[in-house]
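The structure appears below as structure tokens.
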Amino acid sequence: MAIILGILAGIGLPIQTGINTTLRKKVGSPYRASLVSFVVALVFLVLLLIVTGEGVAIPFGRILKEPLWIWMGGICGVIFLTGNILLISKIGSVQTVVLPVLGQILMGLIVDNFGLFYAEQVKTTALRILGALFVIGGVLIVSMTKDIKYGSFMLRNSKVDGTESVSVKAECTPKLRIKEQSLWIWRIFGIFTGMLSAVQTAVNGYLGKVAGSSVKASAVSFMVGAILLSIVCIVTAKKDYIEKSEQVNGKYPLWIWTGGILGGLYLLANITLSSRLGTGMTIILLLIGSTVGGLFVDQFGLFGVDKKPLHVTKAVGVLVMVVGAASIKIY
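Numbering (the numbering used here), first residue to last: -17 to 313.
Structure representation (structure tokens):
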């Protein structure tokens, strides 16, 4: 059940990103979109505390006695969520999901191996490393599929009309190189956000133990994130972050406000599973789910995301990732 929960929570991540990307068009800024998402998540978690009978009393006295890094979860969550909103429009839904895994896997194994942030120490073995390499290999296959397809498209075009097609390709090459360099900057940023996501998982896992509740820990994390985003929105209020588009003032469906609920459930699963399965395995399960969800969003062009039909290469990449995750779980 824990494995199924992790995969389902992961599936909700790209859906949340797509929803928040549409929300960005409505509110005019990625920071405002993230703030709305965090506030919705916080309200959802407070209601959940009331419904489950846990109460909204959070033991801040115990939390304040802990190291300062216990508050980092909310900060990491802000960068990860806002980063996803920015990335999805630059590199697509699937790459927005799978590229951060390069950072998540490495940081997750480091956290487990050294027991950082009071996480349960799980020594890195050859099998875990092999599983991680399989996962990373699958990520690379999925993320490079678009480039392979585009390259073959260029090759086919060059055969249509020799001289003219070759000249067009030559003229486009410098622009394509500049665009590719820009894409790699965003990809590196995606890896960085993935590292922070792994840190968030470990920190919030310990926060859950201190607070005595996964829901309360999630609420604290979103509260910290909401405060940080409020400050960011105030500081950047004078700058023009409003998108100059007719879509900004258009009509939008009610589901654009629901991203925070999925975010709350994702973090709740994160905290719950990390204490039971370890940071590394939790990240793997969330990754598998989020990749499947990302492929689904791309396949049907859901939530305003550009439609990108499933390619067999992507399917192979996902399969390789699953094999890698299974290797780590077998350990």
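Ideal Cβ placement from N, Cα and C applies to all residues, glycine included.
Query: CB contact check: Ala(-9) to chain D, cutoff 8 angstroms; Result: Within the model displayed, chain D is absent; a lone protein chain is all it includes.
Query: Own chain partners of Tyr316 with C-beta closer than 6 angstroms, once the 5 adjacent residues on each side are dropped; Result: The displayed coordinates of the chain run from -17 to 313. Any statement about residue 316 would go beyond what the structure contains.
Query: Rounded distance between the beta-carbons of Leu5 and Gly172, thought under 8 angstroms; Result: With 8 angstroms as the limit, Gly172 and Leu5 do not qualify as a contact, their Cβ atoms being about 20 angstroms apart.
Query: Exposed unless 16 or more other CB atoms sit within 10 angstroms - verdict on Val217; Result: exposed
Query: Cβ-Cβ distance between Ala184 and Ala101 below 8 angstroms; Result: yes
Query: Burial state of Thr34, where buried means 16 or more other Cβ atoms lie within 10 Å; Result: exposed
Query: For Val298, the nearest candidate out of Ile61, Gly120, Ile243 and Lys72 (CA to CA); Result: Gly120
Query: Assumed close pair Ile(-7), Val304 - CB separation to whole angstroms, cut-off 8 angstroms; Result: Not confirmed; about 14 angstroms, so no contact.
Query: 8 angstroms Cβ cutoff met for Gly10 and Leu255; Result: no
Query: Residues near Trp168 by beta carbon distance below 7 angstroms, same chain, minus five either side; Result: Leu69, Lys72 and Ile73
Query: Cβ-based neighbour list, Arg138, same chain, cut-off 7 angstroms, excluding 5 preceding and 5 following; Result: The predicted position of Arg138 is uncertain, since its pLDDT is 36 and thus under 50; no value can be drawn from it.
Query: Endpoints, alpha helix (DSSP H) assigned at Ala251; Result: Gly241 to Leu259
Query: Exposure of Arg110, with buried meaning 16 or more beta-carbon neighbours within 10 Å; Result: buried
Query: Unbroken alpha helix (DSSP H) run spanning Pro82, endpoints; Result: Pro82 to Phe96
Query: Thr175 versus Val80: straight-line alpha-carbon distance, rounded; Result: 11 angstroms
Query: Alpha-carbon spacing of Lys191 relative to Ile52, whole angstroms; Result: 11 angstroms
Query: Burial state of Thr(-1), where buried means 16 or more other Cβ atoms lie within 10 Å; Result: buried
Query: For Leu292, three-class secondary structure by DSSP; Result: coil
Query: Terminal residues of the alpha helix (DSSP H) in which Tyr13 lies; Result: Pro12 to Thr34
Query: Gly246, buried or exposed, once every other Cβ within 10 Å from all chains shown has been counted against 16; Result: buried
Query: Gly55, DSSP secondary structure in three states; Result: helix
Query: Simplified DSSP state of Tyr100, which is helix, strand or coil; Result: helix
Query: Candidates Met54, Pro291, Leu115 and Leu29: closest to Gly207 by CA position; Result: Met54
Query: Under 8 angstroms between C-beta atoms of Leu269 and Asn252; Result: no
Query: Neighbourhood of Val300 by C-beta distance below 6 angstroms, restricted to the same chain and skipping five residues each side; Result: Thr273
Query: Cβ-based neighbour list, Phe116, same chain, cut-off 6 angstroms, excluding 5 preceding and 5 following; Result: Val302, Val305 and Gly306
Query: Under the three-state DSSP convention, the category Gly283 falls into; Result: coil
Query: Cβ-based burial, Leu210 [other Cβ within 10 Å; buried from 16]; Result: buried
Query: Inter-residue CB distance, Gly194 and Ser19 (contact presumed, cutoff 8 angstroms); Result: Contact flag wrong, Cβ pair sits at about 26 angstroms.
Query: Close beta carbons around Ile(-14), own chain, < 6 angstroms, minus the five adjacent residues each side; Result: none
Query: Cβ shell of Ser257 (< 7 angstroms), same chain only, five flanking positions each side left out; Result: Gly187, Gly190 and Lys191
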